[in-house]
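Respectively, the protein sequence lines represent chains A and H. Yeah, the first sequence ends on 367 if you go by the numbering used here, and it's all consecutive. Yeah, the second sequence ends on 367 if you go by the numbering used here, and it's all consecutive. Just so it is clear, CB atoms sit at the ideal spot from N, CA and C, and this is done for glycine as well. To keep things clear, I will list the structure first and then write my remarks on it.
2 protein chains.
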Amino acid sequence: MGRKRLQEPADGRPTVHTVAARAGVSIASASRVLNGVGGSPETIRKVREAAAEVGYVPNAIARSLQSQRTGLVALAVEDIGNPVYVEMMRAIEAVVASSGRQLLVHATGGRIDNETALLRRLANRYVDGMIVSPIRVTDEHLTALTDSPVPVVVVGQLAADAPIDNVRTDSRHGVALAVDHLVATGRRRIGFVNGPLDTVPGAARDAGFRAALARHGIPLDDQLIEVGDFQYAAGRAATERLLARADPDALVCANDLIAVGALHALLVAGRRVPQDVALVGMDDTELARMMFPQLSSVSLGSAERGRRAAELLLQRIADAALPPRREQVPPNLVVRASSAATLPAPRPATGPPGPPTTHPSSEGVTA
Amino acid sequence: MGRKRLQEPADGRPTVHTVAARAGVSIASASRVLNGVGGSPETIRKVREAAAEVGYVPNAIARSLQSQRTGLVALAVEDIGNPVYVEMMRAIEAVVASSGRQLLVHATGGRIDNETALLRRLANRYVDGMIVSPIRVTDEHLTALTDSPVPVVVVGQLAADAPIDNVRTDSRHGVALAVDHLVATGRRRIGFVNGPLDTVPGAARDAGFRAALARHGIPLDDQLIEVGDFQYAAGRAATERLLARADPDALVCANDLIAVGALHALLVAGRRVPQDVALVGMDDTELARMMFPQLSSVSLGSAERGRRAAELLLQRIADAALPPRREQVPPNLVVRASSAATLPAPRPATGPPGPPTTHPSSEGVTA
DNA sequence: AGACTCCCCGGAAACGTTTACAGCTATCGG
DNA sequence: CCGATAGCTGTAAACGTTTCCGGGGAGTCT
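Below, the structure is given as structure tokens:
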């Protein structure tokens, strides 16, 4: 004499049992109709009616428990305030949404323990997959990535033999594009404001800068290199330090936030941009176009990388047996007003400045 | 002769059954030990050991189904690229994380159908609660809010009698602060670049601007008012249109993105800021401090509003019977270089400009 | 007419966890 | 020495859904 299951939970919300009882069918039939699979016309009508009457909405958790997927995809980035991640997130969100899933965003603050903790928590299956863009990578990190219980795609540099889906760019080459451009327009005392050297992007950009100078036969001057965080304030402070001890005629910045900080520092110091100092940022975010003058910037294809990472992830979710894949998005220099002048005019003592130099607000020329 | 339940699922991941079997105890005991409630020392040792050996991680979905909560909180904003929402999100995330929950971020794009759809989906119980900052509110929207099945907190203006937790600011008064400041420093031809008038913030700011001018006895000049989106590009375009037909000596902008666009348009047009045109933004985001000159801006306490909204939400999740509450965060003008000059010097035909005016990069003075 | 196919339906199992309940042992107090 | 009590344990139900499986009815073909 089994006691009949409660039709209506205490909190009053209808379940499939409520609907089934009201329609006078079994929960199996009700479920089938609600999922649009099977059911006679009469049953379909009755169930639909009952569902509408009680305002039935399926419980996503119960559904997930049954189907073993949550319809959630996570994205973990260092700093959600950095426009480059906003662009990447937008691209990812578009792909993810088109597959009927939702995006969960985590800010790791670049702290590595934070990120490994996140990877560990993946094991509890709350998301179907994760895209992570780590700026520091340790061995522990790497093992957490490789034996993650849910699919993971990494955006960024990764050891060559790591069997992890990976979409990267070549930021070494990106820095080279910037240096080539500056050298070609007559700059020689080229400074570099970088992020922390113990990060993957920081190290790559540093190597790229040194190699590019060497290729042009320009001796490296340590006084022209500064390091800070990948943030506006750090970029501004680093540039102030650099200007206090050296006199660059161009500045390459490791990302756009740093470049904006550098621009601020240059203008405060009375340098004209680009006449006295040419400026090139990196990431080509919206921020670069907002500045006056507009900033030249090396696009690392963040939106494209995001889009591809999302596609890789969706494919892997669909088929876990896929071999690990690796995609690469080439960097691309966009020249704007901040580095447009061809050569640094010899600094006029106090020349007749005329009307304020009208910077062409050009939309930027792709190199 | 009931067939024994499978100990190990096909996908090989350990469940509490696996652990229990390995430890030689019942799943109930295993669960109790793993949750730290009860268990003899011997049982505790055995279960802990077994769990460690098989690398057991509890399945969050099953747990959620049982406990009726997911540990997820959603935030829905119009544009994730707007720094003001980034600041709000950071504040919310801090509170939410300190309660052991995670934040799910939705970008609605300001499309209202998108937002109501989101509210509907809430009924599937995928999150424990939601913070929403709508820029347009319809009746349908309002009913979706009021009879939402999960707790909702609204950040922004709302009809006075809506029984919904709500934290707001007084952006009318915010605009008034800006206008007062500009009038006090000698400006008279004050322009206004607003967002769409069919949005709640757009309408409030418009009303505030008109009221403030009236209070100072300054006649309203429609030529000095422009409207666009709450975005950089729209702000720049709107300012260009405004400058083409009028000659303001100050500009109030409905948010910082618009203000940055306005700054760009002003500089391209050869206007000096603040000497020719004083500029005041709104929201006081990081962006305002990045610009050169740094932008004065009316802080609407977005971080504070976010923090309070998160706290309201957590309290309501804990106790659904609470009466609806309403909190208010006062606006606050921060004066920086973009509106620092006390009065507009009569425009020199072509005066001796000397070295580029060194804008003090002051940290801003709170009014 | 009988066998076979096809479709629909309902019962019940399953997803993995927590927890109410009852039974057991051991300890302690009287 | 016996009863009460406290603490631990295992069985089973519950969360809400999907889905496997077997039964039954209607239709069709031989």
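{"Query": "Taking the Cβ atom as the reference point for each residue, do A/L197 and A/T239 lie within a distance shorter than 8 angstroms?", "Result": "no"}
{"Query": "Going along chain A in order, which residues have a C-beta closer than 7 angstroms to the C-beta of H/N59?", "Result": "N124, R125"}
{"Query": "Are H/P220 and H/R210 close, meaning C-beta to C-beta below 8 angstroms?", "Result": "The amino acid occupying residue 220 of chain H in the given sequence is Leu; Pro does not appear at that position. Yes, Cβ-Cβ distance for H/L220 and H/R210 is below 8 angstroms."}
{"Query": "Quick one, which of H/N194, H/A28, H/V335 has its alpha-carbon nearest H/D284's?", "Result": "H/V335"}
{"Query": "Just to check my reading of the structure: H/R23 and H/V47 have Cβ atoms closer than 8 angstroms, yes? What is that Cβ distance to the nearest angstrom?", "Result": "The amino acid occupying residue 23 of chain H in the given sequence is Ala; Arg does not appear at that position. Contact holds; Cβ gap of about 5 angstroms."}
{"Query": "Kindly indicate if chain A contains any beta-carbon less than 8 angstroms away from that of H/H17.", "Result": "no"}
{"Query": "Given that A/I131 touches chain H, what residues does it touch there, using C-beta distances under 8 angstroms?", "Result": "Result: empty, since nearest Cβ-Cβ is about 14 angstroms, beyond 8 angstroms."}
{"Query": "If I measure Cβ to Cβ from A/G12 and keep anything under 7 angstroms in the same chain, skipping five residues before and after, which residues do I get?", "Result": "none"}
{"Query": "Measuring CB to CB, does H/L182 end up less than 8 angstroms from H/V298?", "Result": "no"}
{"Query": "If you reduce the DSSP assignment to three classes, tell me which class A/D128 lands in.", "Result": "coil"}
{"Query": "In this structure, how does DSSP classify A/L369 when only helix, strand and coil are distinguished?", "Result": "Since the displayed chain A opens at 1 and closes at 367, residue 369 of chain A lies outside it and no answer follows."}
{"Query": "Alpha carbons only, please: which of H/V260, H/A269, H/A254 is nearest the one belonging to H/R245?", "Result": "H/A269"}
{"Query": "Just by C-beta distance, which residues in the region 145-163 of chain H are closer than 9 angstroms to chain A?", "Result": "P149"}
{"Query": "Taking 8 angstroms as the threshold (beta carbon to beta carbon), is H/M89 in contact with chain A?", "Result": "yes"}
{"Query": "Might you give, ordered along the chain, the residues of its own chain that have their beta carbon closer than 8 angstroms to the beta carbon of A/R307, omitting 5 neighbours on each side?", "Result": "A91, I92, A94, V95"}
{"Query": "Which whole runs of the beta strand (DSSP E) in the region 285-340 of chain H are 3 residues long or more, in chain order?", "Result": "296-299, 326-329, 332-335"}
{"Query": "Flag H/S64 as yes if its beta-carbon sits less than 8 angstroms from any beta-carbon of chain A, otherwise no.", "Result": "yes"}
{"Query": "How many whole angstroms separate the CB atoms of A/S338 and A/V273, which I take to be in contact at a CB cut-off of 8 angstroms?", "Result": "6 angstroms"}
{"Query": "Taking three-plus beta-carbon pairs below 8 angstroms as touching, is the region 115-127 of chain H in contact with the region 73-82 of chain H?", "Result": "yes"}
{"Query": "Short of 8 angstroms Cβ to Cβ, which residues in the region 245-269 of chain A face chain H?", "Result": "V260, G261, L263, H264, L267, V268"}
{"Query": "By the 7 angstroms beta-carbon criterion, what residues does the region 288-321 of chain H contribute toward chain A?", "Result": "M290, F292"}
{"Query": "Please look up how many angstroms separate the CB atoms of A/T169 and A/V54, rounded, as I've assumed it's under 8 angstroms.", "Result": "Not a contact, Cβ separation roughly 52 angstroms."}
{"Query": "Compute the distance between the beta-carbons of H/P248 and H/L213, then report whether it is under 8 angstroms.", "Result": "no"}
{"Query": "Using the C-alpha atoms, what's the distance from H/N166 back to H/V153?", "Result": "6 angstroms"}
{"Query": "Can you list, in chain order, the residues of its chain with a C-beta nearer than 8 angstroms to that of H/R271? Leave out the 5 residues immediately preceding and following it.", "Result": "L243, V277"}
{"Query": "In whole angstroms, give me the CA-to-CA distance for A/V86 and A/A303.", "Result": "9 angstroms"}
{"Query": "So that I know if they touch, is there some Cβ in chain H lying closer than 8 angstroms to that of A/L104?", "Result": "yes"}
{"Query": "Buried or exposed for A/Q68, please, with buried defined as at least 16 other CB atoms from any protein chain shown within 10 angstroms of its CB.", "Result": "exposed"}
{"Query": "Among H/P324, H/A207, H/R289, H/I218, which has the Cα closest to the Cα of H/R189?", "Result": "H/I218"}
{"Query": "Give me the Cα-Cα distance between H/T18 and A/A117, rounded to the nearest whole angstrom.", "Result": "24 angstroms"}
{"Query": "If you run the structure through DSSP and keep just helix, strand and coil, what is A/V277?", "Result": "coil"}
{"Query": "H/I61 and A/S64: beta carbons closer than 8 angstroms?", "Result": "yes"}
{"Query": "Return no unless some Cβ of chain A is closer than 8 angstroms to the Cβ of H/R326.", "Result": "no"}
{"Query": "Could one say the Cβ of H/R13 lies closer than 8 angstroms to chain A's Cβ atoms, at least one of them?", "Result": "yes"}
{"Query": "Specify the secondary structure class of H/G270 as computed by DSSP and reduced to three states.", "Result": "coil"}
{"Query": "H/G191 lies in the beta strand (DSSP E); which residues open and close that run?", "Result": "190-194"}
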